[in-house]
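Under the working numbering, the first residue of the sequence shown carries the number 2, and numbering increases by one thereafter. Glycine included, C-beta positions come from ideal geometry on N, C-alpha and C. Computed from a predicted structure; not experimentally measured.
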Amino acid sequence: MKITHLVKNLARQHEEMIGLIASIDSFLNKSEGINPVEVAFDTIGSFGCKGLCVVKDGRVVKQQPENFFDSNLGEFKTGIYEDIKLAKSLFGDIRFSRFVVENVGDSKIIAVFDEDTKPYIISVTDIILKILRLRFSRQINKFENLRFLLRLLYNFDKETYSHSFRVRVYSYFIAKGLGFDKKLITQIKIGAMLHDIGKLLLPLDVLKKRGKLSNGEFELIKKHVNESYEILQSFGCSDIVVQIALLHHRKRNGKGYPENSPIDFEDYVDVVAVADIMDAILSSRTYKHSKGCNILIEEIRKEKGGLKEQIIDAAAKFIASEDFIVAQRIIEKRLSKIKTVDDVRDIYESLNQLKEENISLKRQNELFKSITSELQKRYEELMVTGAKNKTINSKKALIVESYLEKFGNLKTVLIIKNNAIVEMSGKPVGIDVINNPSNQNGVYLFEKGEFKIIAVFDAIKKEPSSMTADVLYNLVR
Numbered sequence: 002m003k004i005t006h007l008v009k010n011l012a013r014q015h016e017e018m019i020g021l022i023a024s025i026d027s028f029l030n031k032s033e034g035i036n037p038v039e040v041a042f043d044t045i046g047s048f049g050c051k052g053l054c055v056v057k058d059g060r061v062v063k064q065q066p067e068n069f070f071d072s073n074l075g076e077f078k079t080g081i082y083e084d085i086k087l088a089k090s091l092f093g094d095i096r097f098s099r100f101v102v103e104n105v106g107d108s109k110i111i112a113v114f115d116e117d118t119k120p121y122i123i124s125v126t127d128i129i130l131k132i133l134r135l136r137f138s139r140q141i142n143k144f145e146n147l148r149f150l151l152r153l154l155y156n157f158d159k160e161t162y163s164h165s166f167r168v169r170v171y172s173y174f175i176a177k178g179l180g181f182d183k184k185l186i187t188q189i190k191i192g193a194m195l196h197d198i199g200k201l202l203l204p205l206d207v208l209k210k211r212g213k214l215s216n217g218e219f220e221l222i223k224k225h226v227n228e229s230y231e232i233l234q235s236f237g238c239s240d241i242v243v244q245i246a247l248l249h250h251r252k253r254n255g256k257g258y259p260e261n262s263p264i265d266f267e268d269y270v271d272v273v274a275v276a277d278i279m280d281a282i283l284s285s286r287t288y289k290h291s292k293g294c295n296i297l298i299e300e301i302r303k304e305k306g307g308l309k310e311q312i313i314d315a316a317a318k319f320i321a322s323e324d325f326i327v328a329q330r331i332i333e334k335r336l337s338k339i340k341t342v343d344d345v346r347d348i349y350e351s352l353n354q355l356k357e358e359n360i361s362l363k364r365q366n367e368l369f370k371s372i373t374s375e376l377q378k379r380y381e382e383l384m385v386t387g388a389k390n391k392t393i394n395s396k397k398a399l400i401v402e403s404y405l406e407k408f409g410n411l412k413t414v415l416i417i418k419n420n421a422i423v424e425m426s427g428k429p430v431g432i433d434v435i436n437n438p439s440n441q442n443g444v445y446l447f448e449k450g451e452f453k454i455i456a457v458f459d460a461i462k463k464e465p466s467s468m469t470a471d472v473l474y475n476l477v478r
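Encoded structure:
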């Protein structure tokens, strides 16, 4: 499959992923009286799972499709796992080997997927079932909502997760340096970690684009602050967290976005905003080729007027302190543990890079082909010219030719010894005939002792016998 097709396929999967994430939000805000079984069948049932059932006391009380499960299933362990033996014993088909199982109240909900199911579908299914378990037991709260948000971000966009973690660490040290109280710092850390959650809903081809964005694409990117605001509000996050998400790209001089939003906001927004800018600079190739922290400090001081000078000074002080080294160690330790999984956003950027490099690769391939072709021609000329100068129409070759003519219209005879043409008669042939005589139509290879004789026919009257090699050997030795 071509890289272009792979990228388009991933874009379609991304749209599906957005729908799955939206399905979580659609029931998370429903009243406390939701029926977890109905929610499971309404949401997970549309994810492409092969079978879904509710088990109580070892018996199936509800399932789809009908008769997919036996009425008595017995005990099932909870979690996400793959079990080929179980799939064979239950369904007689080892393809249905991926299970997501969760206790909800006094029942178990079991979702079965086949081996081709995308990992993000399995992950969202597990999240939904865990939310249902907590909802049913009335254990879900704002903390649980926050945990699920972070899990979504971690599972579906490692790049944004890593960026958000770095911004969180920088924001913490800057806020601490400003003397903010612990409760506010905690909210700032949460806001920093979730400030870009809305990027989950942006088109991948725009979000991961390497070149300059068009005006239309930049307008799409700007929407992530509104998306973040709506998501975090719907999950019941604090006003501090919500304001950070909405305004971290807004400037106090009226620049930035979203437009028409207030410019007289709290200092904690500027803390995350300057941390966000710091990470953008630190992650750029330009900065990686420079030395020292002075460049970083110079860059953030350019934000004077857009951000409070007090916040910029605190950030500069942090960069010049030992705390900055400590922060880098914290970041390195945490992000080094991130595992790469096979989901849409984790492989999309690599494929996009391959797509961009494909044109260059094709050019190099064409150049390689032309060089190879030229070398082959020169090689043929050297091989055949050398033979012509020394041995063309030599006595032994002509004797061999006269013997082989009874088998058909003979074009060329080559006598080879020690992998070199020693004698020949007839028309020159290509190097492919010499290197791979057995793979060419009308070409016969006779081997005996130290000699190889290649005969090229335009047409065959009758096939040479097994004794032909012996006869030819006696003629040329």
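- Taken through DSSP and simplified to helix, strand or coil, residue 232 comes out as helix.
- Under the three-state reduction of DSSP output, residue 82 falls in the strand class.
- Under DSSP, residue 413 shares a beta bridge with 427, 457.
- Under the three-state reduction of DSSP, residue 112 is assigned to strand.
- C-alpha of residue 275 to C-alpha of residue 188: approximately 16 Å in a straight line.
- Around the Cβ of residue 256, a 10 Å sphere holds fewer than 16 other Cβ atoms; the residue is exposed.
- Here the C-alpha atom of residue 197 lies approximately 15 Å from the C-alpha atom of residue 235.
- Going by DSSP, residue 311 is part of the alpha helix (DSSP H) stretching over 310 to 320.
- If you draw a 10 Å sphere on the C-beta of residue 65, you find fewer than 16 other C-beta atoms in it, and that means exposed.
- As a beta-bridge residue in DSSP terms, residue 65 pairs with 53.
- In the DSSP assignment, residue 167 falls within the unbroken alpha helix (DSSP H) covering 159 to 178.
- An exposed status is given to residue 459, since fewer than 16 other beta-carbon atoms sit within 10 Å of its beta-carbon.
- Taking C-beta atoms under 8 Å as the contact rule, residue 415 and residue 402 fail to qualify, at a distance of about 11 Å.
- The DSSP-derived three-state label of residue 190 is helix.
- Annotation for residue 299: the continuous alpha helix (DSSP H) segment containing it runs 295 to 302.
- The beta carbon of residue 258 is closer than 8 Å to those of 223, 226, 250, 251 in its chain, skipping five residues each way along the sequence.
- A contact between stretches requires three or more CB pairs, one per stretch, nearer than 8 Å, and the stretch 104 to 123 meets this requirement with the stretch 44 to 56.
- By the criterion of a C-beta distance shorter than 7 Å, residue 301 is surrounded in its chain by 275, 278, 279, 313, 316, 317, once the five residues flanking it on both sides are discounted.
- Going by C-alpha positions, residue 163 is about 11 Å away from residue 193.
- Taking a contact as a CB-CB distance under 8 Å, the pair residue 69 and residue 178 does not count as one, their CB atoms being some 60 Å apart.
- If you draw a 10 Å sphere on the C-beta of residue 159, you find 16 or more other C-beta atoms in it, and that means buried.
- Between the C-alpha atoms of residue 203 and residue 95 there is a straight-line separation of about 37 Å.
- Around the Cβ of residue 174, a 10 Å sphere holds 16 or more other Cβ atoms; the residue is buried.
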